[in-house]
Every structure is written in structure tokens, then in C-alpha cells.
């Protein structure tokens, strides 16, 4: 099982701040030119989507305050795709053809990212998704590298998200609470198809027999029949895969006092605004995430969270806020290493050589011949994510042990065996 490596002192091993080394230096030949424009396409009305543009802007402001990239300022040009693939494509086209951006960070929704990806190929536009998870994003790059090489996967693939959750389940749900069974409950979406496939493989290996596999329409408004179906199976836990939805199943789980823990992936629960959104019904919910308030995955994690909260009324970033923030630094790093060049092919070459410690761990991308080409590297010493639980209105990191700042505590209506230790 994956265990997180201690990051203290990692800066002596890899270049954690290559970008910062270029800030404030004497201007290059590019310094007198136009700002470096980075397009950011997000879902502003969604809890998770709103974090993307806010985090990117924060990173740009920090870089600019320290002199920019070799004297050039970064300009974030933001677009709202309204959670629509067609709007996302139009925004992508405008960013590339009209606004002349040099790279695009875009979308946490797999359907939107997959719709934009072919345009990255056609327009030779470096494109990194900070939150979409579908395996197909990196599969296209692997299968047709020459055309799709401009796309990078800036968050864990669905397969790696599932593996991370299985690792947590093995260590905590099985290891500490002696759980033996689960029901997989996922929304019917592009990102959950490979997620569920891996769940069905790795959950049994982690020690949880899968009693049922439920996929529901994201437009579902009443989860009572689903929870009744799950309760009839008497599982020890529910393993979720939800992102487009979040509030409704969480509120009904709480209000109906479903006596089964909810763990897995609940993307909307990764931001602290979810407590207010659910009126506290998220108490006890466990979700995978990139990081959590007060958890120093690297020396950069807590300062970013605190700065984000200061700029956003105390609300913490969602999982894709961490990645979006890191990606602005990574793009700036690539340009700096290219002596200021934003030529698309040179950008791809530089991004492929990324070795950067950001807020969520050490960033590297898989290579041309790897199964998940240009996807974020997963595993010990790289990025595994964390599992957090909502306790008394706050997010508490419960896995891995190396960064945990609390123990699992379930609401009174949830019935589980006592922890072994």
C-alpha cells in the first residue's frame, strides 16, 4: 500500500522552486513584450469549479509580485464554461485564436475536458486539466501522441483516484475498523466508468467485498430508493464516486439516518463551503482530496490554503484549486526553462521534464511510452492525495498517517465496530 514520503528537506533533492529562481532576475529579450497570457476555463457556478480560476489568479499575483517570469507578467484570462462541453469548446477556441493565450488550464468535468482535448491537438495549444479524471484524457495522448501531445492531465486519473481510496480503505476501514463489505455508489459520468472498474478490482484486494454496484443519473433528486437498496445489502460502508452531485445525497444520507459510513470520492465535499451548503449534514462524510486545511503535505500547502482563505472569505480551495495553483507555477517554470519561449512544441518538451514540488506533492508527468501518457505520476514520493473526514464543521485529515491530524469519528447514527486501536 502507498505511504506518503516525508517532504521535509525535499527541496535538497529536487528543484522545488525553479520558477522562483527566475523571478526578479534581469529582464530577458522577452521582458519588453506582451504579458504571458494563460487561459483558465472553469465552472464558476459549481463548488469545485469556482476554485480553479481563483487559485490560478492567486498564483499569478504571487509570481507577478516577485517580478514575473524573467520580468514578464502573467495575465490570467478566465472563462466560464457553465458546465457545458459546447461552451467549453467555444471558450477554448476564443482563448487560443482571439485572446492569444500560450496555454490553457481547463475544467474539472471530464466530459468538458474530453470535448476540449481535440482542439488542443488541432490548434497545437498546451492544455492541462486541473480536475477532470477520466482515463481517456491520457489514453488519447498515449494512442496518438503526435497529435494529442499538447494535453496534460493535471490531476489523478480515475484509476489512480480509485487506487488511493482502496489504499485508504485497506489501511483504515479494514485495518482499523475491521470492515469487510461495501456497496459502490457512483454517478453515471465519464470519469466514474474507469473509477468503478478499478474499484471493482482493488476494493476486494483491499479487503472489502463489493455487495452491489449502483450507478445513478446525476439528475437524481431523491436518493431514498438508492439508500434503501443499499441498506438491504447490509454493507459495512458505502464507497462513492460523486462530483456533479453532492449536496442532495449527503443531506438525505444524514436526514434519513442511513447507518452506513460514506467514504470514497465526493468532490464537492473537498471545499469547506460544503458544510454550509449541506447545513452540516456532511458531518462524518469521508472523501478523497488533494489536501486539507492545516495539513502540510509540503512546505507550500498551508501557506497556499491560508492565502486562498484570506482572499475568499475563509473558504478553503477544492481539490482542483490546489492543482490549478500549482499548474500556473508549472507553466511559468516551463517558460522560464525555455528562456522565455512559448512555442507550443517547446512548451510540451519542457512540461514533460517537469519536476516540481507544489502544494500537493512532487509533480512529474508520465512519459510517451507509459500507459497514462502525460498523466500526473501517482505513488510514494509523488502524489497520492489524502482522505479527509468532516468533523464538527471542519475537514480533518485521516490518511495517510504521515499527514493525518485526526482520527476517524462517525456520527451516532452510523453503526460501525469499535476501532482495533
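Numbering (mature numbering (1 follows the signal peptide of the UniProt record, and there is no 0)), first residue to last: -31 to -1, 1 to 390. By construction, the Cβ of each residue, glycine as well, lies at the ideal position given by its N, Cα and C atoms.
Query, Result
"Taking buried to mean at least 16 other C-beta atoms within 10 Å of its own C-beta, is residue 201 buried or exposed?", "exposed"
"Residue 281 CB to nearest chain D CB: under 8 angstroms?", "The structure shown has no chain D; it contains just one protein chain."
"When you compare the segment 348 to 357 with the segment 308 to 326, are there three or more beta-carbon pairs, one atom per stretch, that lie closer than 8 angstroms?", "no"
"Ordered along the chain, which non-local residues of its own chain (more than five positions away) have a Cβ less than 7 angstroms from that of residue 99?", "21, 74, 77, 123, 124, 289, 292, 293 and 296"
"Along the chain, where does the beta strand (DSSP E) that runs through residue 368 open and close?", "363 to 368"
"Name the two residues that bound the continuous alpha helix (DSSP H) containing residue 280.", "270 to 280"
"Count Cβ pairs between the segment 184 to 204 and the segment 217 to 235 that sit closer than 8 angstroms; are there 3 or more?", "yes"
"In whole angstroms, what separates the C-alpha of residue 87 from that of residue 224?", "44 angstroms"
"Count the other C-beta atoms from every protein chain shown that fall within 10 angstroms of the C-beta of residue 34, then say buried if there are 16 or more, exposed otherwise.", "exposed"
"Are the segment 245 to 262 and the segment 37 to 49 in contact at 8 angstroms, needing three or more beta carbon pairs?", "no"
"Kindly indicate which residue of 194, 131 and 51 has the alpha-carbon position closest to the one of residue 210.", "131"
"Under 8 angstroms between the Cβ atoms of residue 362 and residue 244?", "yes"
"What residue ranges within the segment 190 to 250 form continuous alpha helix (DSSP H) runs of no fewer than 4 residues, ordered along the chain?", "193 to 202, 216 to 224 and 243 to 246"
"Look at residue 323 and residue 352 and say whether their C-beta atoms are less than 8 angstroms apart.", "no"
"Could you tell me the distance, in whole angstroms, from the CA atom of residue 284 to the CA atom of residue 17?", "12 angstroms"
"Determine the direct distance from the alpha carbon of residue 117 to that of residue 147, and round the result to whole angstroms.", "45 angstroms"
"Grab the span of the beta strand (DSSP E) containing residue 256 for me, first residue to last.", "255 to 258"
"Could you check the C-alpha separation between residue 269 and residue 308 for me, to the nearest Å?", "25 angstroms"
"My guess is that residue 6 and residue 67 are in contact by the Cβ rule of under 8 angstroms, so how many angstroms apart are they, rounded?", "11 angstroms between Cβ atoms; not a contact."
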